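Engineer: Final position of the sequence shown in this note's numbering is 273; the numbers increase by one with none missing.
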Amino acid sequence: SMLSQLLPAPLLLDVACCLVGILGATAWLGIWSYLAGTGRVDPKVSRKIVHCGSGPLFLLTWPLFSAAPEAQLVAAVVP
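1. Quick one: is Trp256 buried, meaning 16 or more other Cβ sit within 10 Å of its Cβ, or exposed?
2. Taking the alpha-carbon positions, what's the Phe259 to Cys211 distance?
3. For Phe252, I'd like the list of residues in its chain whose CB is within less than 8 angstroms of its CB, leaving aside the five on either flank, ordered along the chain.
4. Evaluate Asp208 with the Cβ neighbour count: other Cβ atoms within 10 Å of its Cβ, from every protein chain shown; 16 or more gives buried, anything less gives exposed.
5. Could you check if Val268 is buried or exposed, using at least 16 other CB atoms within 10 Å of its CB as the buried criterion?
6. Judging by CA-CA distance, which residue of Gly233, Ser240, Ser248 is the nearest neighbour of Leu217?
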């Protein structure tokens, strides 16, 4: 993949993917918190959307991690 060409060391690739996942999760939470805070979405609905959407978004990051054994540990930091 393009990321593995930019970051040839598996640990660097995994840390970069972890940071991408954390930034994505933070953005996802921020969007729905903002919408709930402004009254555009009911807070209960916002919370449910965050919980239902976070898992699939995390699953989308899995293919980005390397096949190294430590990649599982680095990926576990995201949730």
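Don't be surprised by glycine CBs; every beta carbon is placed ideally from N, CA and C. Keep in mind that this is a model prediction, so the values were computed, not measured.
Structural biologist: According to the structure data:
1. Working through the sequence shown from its first residue, we reach residue 256 at position 62. By the 10 Å Cβ count, Trp256 comes out exposed.
2. In the sequence shown, residue 259 corresponds to position 65, counting from 1. In the sequence shown, residue 211 corresponds to position 17, counting from 1. Their Cα atoms are separated by approximately 6 angstroms.
3. As a working note, residue 252 is residue 58 in the sequence shown. Taken in chain order, the residues that qualify are Gly215, Ala219, Val272, Pro273.
4. The count along the sequence shown starts at 1 and reaches residue 208 at position 14. The residue in question, Asp208, is buried, as its Cβ has 16 or more Cβ neighbours within 10 Å.
5. By 1-based counting over the sequence shown, the position of residue 268 is 74. Its Cβ being crowded by 16 or more others within 10 Å, Val268 is buried.
6. The residue labelled residue 217 in the question sits at position 23 within the sequence shown. Among Gly233, Ser240, Ser248, the Cα nearest to that of Leu217 belongs to Ser248.
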